[in-house]
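In my numbering, the protein residues as written are 15 to 591.
See below:
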């Protein structure tokens, strides 16, 4: 275990020093690179400064075609420590002097001062030579001064050695510091801890505690305290275990004593049990007698159960009879609705037919007068024109009223046939609902109620049309009789839409509505708010059965007292067989 701990401290020290070495290397390289850039920048500045020193004399020498003087100036520049090469060219880019470490230049003359890096570790500063004469300027050539990496290194050599030596000294000092600190604060305490833990003995717990000399409070001190606390807990549990074992021995001794006492008690109970057995024999005889009486009682109960089953059968027959009566009442309600429809249509048809009879009688009378004038040869053009005018008006009046009567009869015929037929067909909802509303128009004659229908054109549904007619009729008549009671002007809105193959009918009136306690009973059979005043209580019940059973849909009602009643009906446009 000691070797493992020592290996751990070595790994930790190695990782710390590795990070430090990398950081020191990066910082040192960065400092050397910075020194290099600074030295190069100074040399470039010095090369640019040399321009002001010899450019004038060099320009005049080239202008005067004094090539020897130009070469002499170039050789003088080569004596400078920072100059490693010199190139002097005339205005045609021909070399006058090319000495030292230089590189080939472009054929175009240099027009502005520019600093360039060249292959082979050199860099140079090129600038033009401008000669001024009588206020005019002319470029006579250009000059390139070269320097190199060796010159830069020569300047920063001492600084580089100083940085590297400084890094080595700091690194060596930190290695010594870390080694000493790790040995004194981690390696030696860990070795001592593992050594003492290896001598742990369960029979000598107090002597197994850790006693390591630590100079400060740290994690090792916490570990030692936790370990010693665990030893204290073991000592405490060991004491409690010894105490419990002693208590267990005492309990076993008491249990032996109790066993002896129990055996004596069993002997006494055995004698009492014999006496109890004799008593049980006597009670057995009494029990047989009670069983005989119980059988007689069960026989009486069986007869009562047979009587109850008989009464149950009678009650089931009564329920069946009641259901048949209910179905007959529902059919009667439908027929009553159809009868009311017949009465209203008959009254409405009577008016246009009466007008038609009157018009026909008037036309017959006018024809007789015309025939008489024709026979008496007293027929004039004025009489003929008057007859034609009156005949045209009478024919128009007769045709309009006959068409009105025909429309009413056709609408009534379709609705009446649908209400008495269960045959299914494709129905245009908008046209069919308009026919239903038209057939109910006589009930609204003496009021100012109006019905607004909103339905898409061409919306078809396949069902027994009488179901739709019965539902729409019941809702409108309920609004007229119950919702618009004591109200002359009311509005009924019917909105029909289709979504995902489902037909949605949203019916709403602005009548007096229903309170919540009555709304919950709206679809119950025989529920009505006009009990004793002609209400059967089957209208909404029929609606509910037609929607949920015949159309396989859903119907919901919502209302607030004084704010009208709303029905929301949803059913499939086409039901699968």
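All C-beta atoms in this analysis are idealised placements derived from N, C-alpha and C, irrespective of residue type, glycine included.
Predicted model, so just to flag it, every value in this text is computed and none were measured.
query: Roughly how many angstroms separate the alpha carbons of residue 119 and residue 58, rounded to a whole number?
result: Looking at the two C-alpha atoms, the distance is approximately 19 Å.
task: Sort 28, 587, 61 and 154 by Cα distance to residue 72 and report the nearest one.
output: The option with the nearest alpha carbon to residue 72 is 154.
field: C-beta contact flag for residue 102 and residue 110 at 9 Å
entry: Taking 9 Å as the Cβ cut-off, residue 102 and residue 110 qualify as a contacting pair.
query: Can you give the Cα-Cα distance for residue 61 and residue 26, rounded to whole angstroms?
result: Approximately 53 Å between the Cα atoms of the pair.
message: Cutting at 6 Å between CB atoms, please list the residues of its own chain near residue 174, excluding the five before and the five after it.
response: Scanning its chain for C-beta atoms nearer than 6 Å, with the 5 sequence neighbours on each side dropped, one finds around residue 174 the residues 46, in chain order.
- request: Throw me the rounded Cβ distance for the residue 192 and residue 30 pair, which I believe falls under 8 Å.
  value: That pair is a contact at about 7 Å.
- request: Measure the C-alpha to C-alpha separation of residue 130 and residue 187 and round it to an integer number of angstroms.
  value: Residue 130 and residue 187: Cα-Cα distance of roughly 44 Å.
- prompt: For the putative contact between residue 569 and residue 562, defined by C-beta atoms under 8 Å, what is the C-beta separation to the nearest angstrom?
  reply: Contact annotation, residue 569 with residue 562: C-beta distance approximately 7 Å; criterion of less than 8 Å satisfied.
message: Once the 5 residues before and after residue 571 are set aside, which same chain residues still bring their CB inside 6 Å of it?
response: In chain order, 536 and 581 place their CB closer than 6 Å to the CB of residue 571, counting only its own chain and leaving out the 5 sequence neighbours on each side.
query: Can you list, in chain order, the residues of its chain whose CB lies under 7 Å from that of residue 7, leaving out five sequence neighbours each side?
result: Summary: the structure shown does not reach residue 7, with the chain confined to residues 15 through 591, and so no result is reported for it.
- request: Return the CA-CA distance between residue 548 and residue 554, expressed in angstroms with no decimal places.
  value: In this prediction, residue 548 has a pLDDT of 45, which is less than 50 and means its spatial position is unreliable; nothing more can be read from the coordinates.
- prompt: If you draw a straight line from the alpha carbon of residue 172 to that of residue 183, how long is it in whole angstroms?
  reply: Distance between the alpha carbons of residue 172 and residue 183 is about 16 Å.
- prompt: So residue 526 packs on residue 466, CB below 8 Å; how close in whole Å?
  reply: So it is not a contact: roughly 19 Å between Cβ atoms.
contact_flag[the stretch 195-205, the stretch 133-149] where n(CB pairs < 8 Å) is 3 or more: As far as the Cβ criterion goes, the stretch 195-205 does not touch the stretch 133-149, which means the pair count is below three.
task: With a cut-off of 8 Å on the beta carbons, I'd call residue 473 and residue 512 a contact; round off their distance for me.
output: Indeed, because the Cβ distance is near 6 Å, the residues count as touching under 8 Å.
task: State the Cα-Cα distance for the pair residue 107 and residue 143, rounded to the nearest angstrom.
output: If I take the Cα positions, the gap works out to 12 Å.
Identity of the residues DSSP links to residue 521 by a beta bridge: Residue 521 pairs with 508 and 581.
Burial state of residue 24 (16 or more Cβ within 10 Å): The residue is exposed, with fewer than 16 neighbouring Cβ atoms inside 10 Å.
- prompt: On the three-state DSSP scale, how would you describe residue 172?
  reply: Taken through DSSP and simplified to helix, strand or coil, residue 172 comes out as helix.
query: Considering only C-alpha positions, which residue in the set 48, 74, 241 and 79 is nearest to residue 170?
result: The candidate whose alpha carbon is nearest that of residue 170 is 48.
query: Measuring CA to CA, which of 70, 297, 232 and 64 is closest to residue 92?
result: Comparing Cα-Cα distances from residue 92 to each of 70, 297, 232 and 64, the minimum goes to 64.
- request: Would you mind giving the Cβ-Cβ distance between residue 510 and residue 443, rounded to the nearest angstrom? I have them listed as a contact below 8 Å.
  value: Indeed they touch by this definition, with Cβ atoms about 6 Å apart.
query: Between residue 469 and the rest of its own chain, which residues show a CB-CB distance below 7 Å, the 5 nearest in sequence each way excluded?
result: Closer than 7 Å at the Cβ level, and outside the excluded window around residue 469, lie 443, 444, 447 and 510.
- request: Please name the residue or residues paired with residue 142 in a DSSP beta bridge.
  value: Here residue 142 is bridged, per DSSP, to 156.
task: Identify, in the order they occur along the chain, each residue of the same chain with its Cβ nearer than 7 Å to the Cβ of residue 88, setting aside the five sequence neighbours on each side.
output: In chain order, 100, 102, 111 and 113 place their CB closer than 7 Å to the CB of residue 88, counting only its own chain and leaving out the 5 sequence neighbours on each side.
Pairwise C-alpha distance: residue 376 and residue 403: For residue 403 and residue 376, the distance between alpha carbons rounds to 13 Å.
- prompt: Counting along the chain, where does the alpha helix (DSSP H) carrying residue 555 start and finish?
  reply: That run of the alpha helix (DSSP H) goes 553-559.
- prompt: Do you know offhand how far residue 212's Cα is from residue 267's?
  reply: Approximately 42 Å, taken between the alpha carbons.
- request: Measure the Cβ-Cβ separation of residue 75 and residue 67 and say whether it is below 9 Å.
  value: Here residue 75 is not near residue 67, since their CB atoms are 9 Å or more apart.
query: If you follow the beta strand (DSSP E) that residue 100 is part of, which residue opens it and which one closes it?
result: For residue 100, the enclosing beta strand (DSSP E) has its first and last residue at 99-104.
- prompt: Would residue 432 be called buried (16 or more neighbouring beta carbons within 10 Å of its own) or exposed?
  reply: Caution applies to residue 432, whose pLDDT of 49 falls short of 50 and renders its modelled position unreliable; the value that the coordinates give is listed next. When all chains shown are included, residue 432 counts as buried.
message: By DSSP's criteria, residue 569 is part of a beta bridge. Which residues make up the other side?
response: 583, per the DSSP bridge assignment.
Cβ pair residue 504, residue 460 closer than 9 Å: Against a cut-off of 9 Å, the Cβ pair of residue 460 and residue 504 comes out as no contact.
query: Taking the runs of the alpha helix (DSSP H) that are 4 residues or longer, which of them lie wholly in the stretch 456-510?
result: Listed in chain order, the alpha helix (DSSP H) elements of length 4 or more contained wholly in the stretch 456-510 are 479-492.
field: Nearest neighbour of residue 523, chosen from 532, 538, 496 and 514 [CA to CA]
entry: Looking at the Cα atoms, 496 is the closest of the given residues.
query: Which residue from 379, 438 and 490 puts its Cα closest to that of residue 452?
result: When only C-alpha atoms are compared, the closest one is 490.
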